[in-house]
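Some notes on the structure that comes next.
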Amino acid sequence: MDPAALRAEFPVFERTAYLNAGTCGPLPRGAAQAVADVLAHAASDGRASAYFAALLEHRDHLRSSYAGLLRAATDDIALTTCTSEGIVRVLAALDLGPGDEVLTSDEEHPGLQGPLAAARRQRGIEIRVVAFAQIADAVGPRTKLVACSHVSWVNGRVVPDLSQLADDVPVLLDGAQGVGAVPTDVAALGCSFYAGPGQKWLCGPVGSGMLYVAPGWRDRLPATGPTYLNLADPAAGLDAVPQAGAARHDASALSLETLAATTASLGVLGDAGWSAVHERGAALAQQLADALGARGREIAPRDRTTLVSWQEPDPSAARELLAQAGVIVRDLPGTGLLRASVGAWNDASDLDRLLSALP
Ligand SMILES: Cc1ncc(COP(=O)(O)O)c(C=O)c1O
Numbered sequence: 019m020d021p022a023a024l025r026a027e028f029p030v031f032e033r034t035a036y037l038n039a040g041t042c043g044p045l046p047r048g049a050a051q052a053v054a055d056v057l058a059h060a061a062s063d064g065r066a067s068a069y070f071a072a073l074l075e076h077r078d079h080l081r082s083s084y085a086g087l088l089r090a091a092t093d094d095i096a097l098t099t100c101t102s103e104g105i106v107r108v109l110a111a112l113d114l115g116p117g118d119e120v121l122t123s124d125e126e127h128p129g130l131q132g133p134l135a136a137a138r139r140q141r142g143i144e145i146r147v148v149a150f151a152q153i154a155d156a157v158g159p160r161t162k163l164v165a166c167s168h169v170s171w172v173n174g175r176v177v178p179d180l181s182q183l184a185d186d187v188p189v190l191l192d193g194a195q196g197v198g199a200v201p202t203d204v205a206a207l208g209c210s211f212y213a214g215p216g217q218k219w220l221c222g223p224v225g226s227g228m229l230y231v232a233p234g235w236r237d238r239l240p241a242t243g244p245t246y247l248n249l250a251d252p253a254a255g256l257d258a259v260p261q262a263g264a265a266r267h268d269a270s271a272l273s274l275e276t277l278a279a280t281t282a283s284l285g286v287l288g289d290a291g292w293s294a295v296h297e298r299g300a301a302l303a304q305q306l307a308d309a310l311g312a313r314g315r316e317i318a319p320r321d322r323t324t325l326v327s328w329q330e331p332d333p334s335a336a337r338e339l340l341a342q343a344g345v346i347v348r349d350l351p352g353t354g355l356l357r358a359s360v361g362a363w364n365d366a367s368d369l370d371r372l373l374s375a376l377p
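Just so we're aligned, residue 19 is where the sequence shown starts under my numbering, counting upward by one.
Quick look at the structure:
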């Protein structure tokens, strides 16, 4: 599939220069159709065994698709509803208590900060915040967990190499701006846990996501709330135990419409080819960063990712102005930054439209 054919899968580009996948990716036509089809069948035929058989089939398919994307084993992937859910599940299950230090960075999203702050209030953990670029060197003797982004949502920098940390200092990566945006190999990243979204760089519906649990943690991370889909044999009643693999951490209610739309979105991107998707997104983002720099904009330090952030005197006013011109980006409150998310579905016309509409 060539870039123009990929772009044509996304109706949003008929009207706008959509550069906001870091919030929610553009939704392919096929995903919207999949939701409509599932709901139409459910309305006309009811939701009985065929609905649940399809649901289980989609769950299996998605688990292996996510595993492929993260270069993990299928058994090590849980299906979640968003990045934050994966983070919450890991933090809730880890044996952390008073005086245990969690090391995090100064560029984290509330999706990670919220659960960390709750663990500090409720369980007495200590949180040490260091510069994102320094996190690998800041691990100390009291550090029980490193929790930070794979790719910073503020500027698109990539986390320093954490692969040297021993298994007794687990690493929880927030993959909200990673999976789908950049090549992701959880073993090479050296993380014990990787929580990612389906609705951002995978262009799925809100309510989709995944959690990777490294094999070494399979039996050490208890399932915090196993319900029937998480159980090895639900019919065993009170004797039922959680499934052996990461499915024990699956979200309990994922609708068939959500699963079908997620599958459709992954199908579109998979047909385009993941390496082509990654390469084109990063190349277009670099092109935008260069063009903004040539116009005198101060670009926040970034790596070869799909996010480009730059200083604007009044970022929210600039975002509004751009939106009026059909250019969709976001501002990052409290930073002075405006952020464009550039994907393989974008093209030079989106970048030109942004550049010419800038204040
Ligand atoms: C770095 C980061 N972490 C977490 C989140 C929250 O993601 P989710 O809605 O998938 O929980 C976001 C959303 O923008 C993000 O950018």
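The beta-carbon is built from N, C-alpha and C at its ideal position, and this holds for glycine as well. Nothing here was measured: the structure is a model prediction, and the numbers come from that model.
Selection from the options that minimises the alpha carbon distance to residue i
i, options, result
"A22", "L340, L229, R298", "R298"
"F211", "G225, L191, P223, D203", "L191"
"A258", "A265, A250, C166", "A250"
"L57", "C42, A278, A199", "A278"
"G193", "G311, L163, M228", "M228"
"V345", "L325, S67, F28, Y36", "Y36"
"L376", "P133, L339, Q140, D365", "L339"
"A205", "G129, L87, T280, A137", "L87"
"N364", "G311, W219, P252, P260", "W219"
"S170", "Q152, R107, H59, Q195", "Q195"
"A111", "L310, T245, A137, P201", "A137"
"R160", "G117, G255, R313, P46", "G117"
"Q51", "A39, P29, S62", "P29"
"R238", "P223, P46, D186, D332", "D186"
"E103", "S374, S270, P351", "S270"
"C166", "A358, T245, V147", "V147"
"A241", "A341, L109, D349, G158", "L109"
"H79", "A366, G285, A343", "G285"
"G115", "G142, R33, R348", "G142"
"E144", "A254, E119, N38", "E119"
Beta-carbon proximity of residue i to residue j, cut-off 8 Å
i, j, result
"R371", "L356", "no"
"S327", "A318", "yes"
"A282", "G43", "no"
"T101", "A213", "yes"
"V164", "L180", "yes"
"A294", "A362", "yes"
"T323", "A300", "yes"
"T98", "R81", "no"
"G225", "T276", "yes"
"A54", "L274", "no"
"L306", "L247", "no"
"P178", "A149", "no"
"G208", "T280", "no"
"N173", "R320", "yes"
"A309", "L373", "yes"
"V231", "A96", "yes"
"L183", "V157", "yes"
Residue i - partner residues in DSSP beta bridges
i, result
"Q10", "The question about residue 10 has no answer, for the chain in this structure spans 19 to 377."
"Y230", "I95, Y212"
"D349", "L356"
"V120", "I145, L163"
"Y36", "I346"
"D192", "S167, A213"
"L249", "P260"
Near ligand 2: residue i beta-carbon under 7 Å from a heavy atom
i, result
"Q131", "Of the ligands one can find in the structure shown, namely ligand 1, none is ligand 2."
Closer than 8 Å to chain D by CB, residue i
i, result
"A135", "In the structure shown, chain D does not exist; there is a single protein chain."
Three CB pairs or more closer than 8 Å across the region 119-138 and the region 257-276: no
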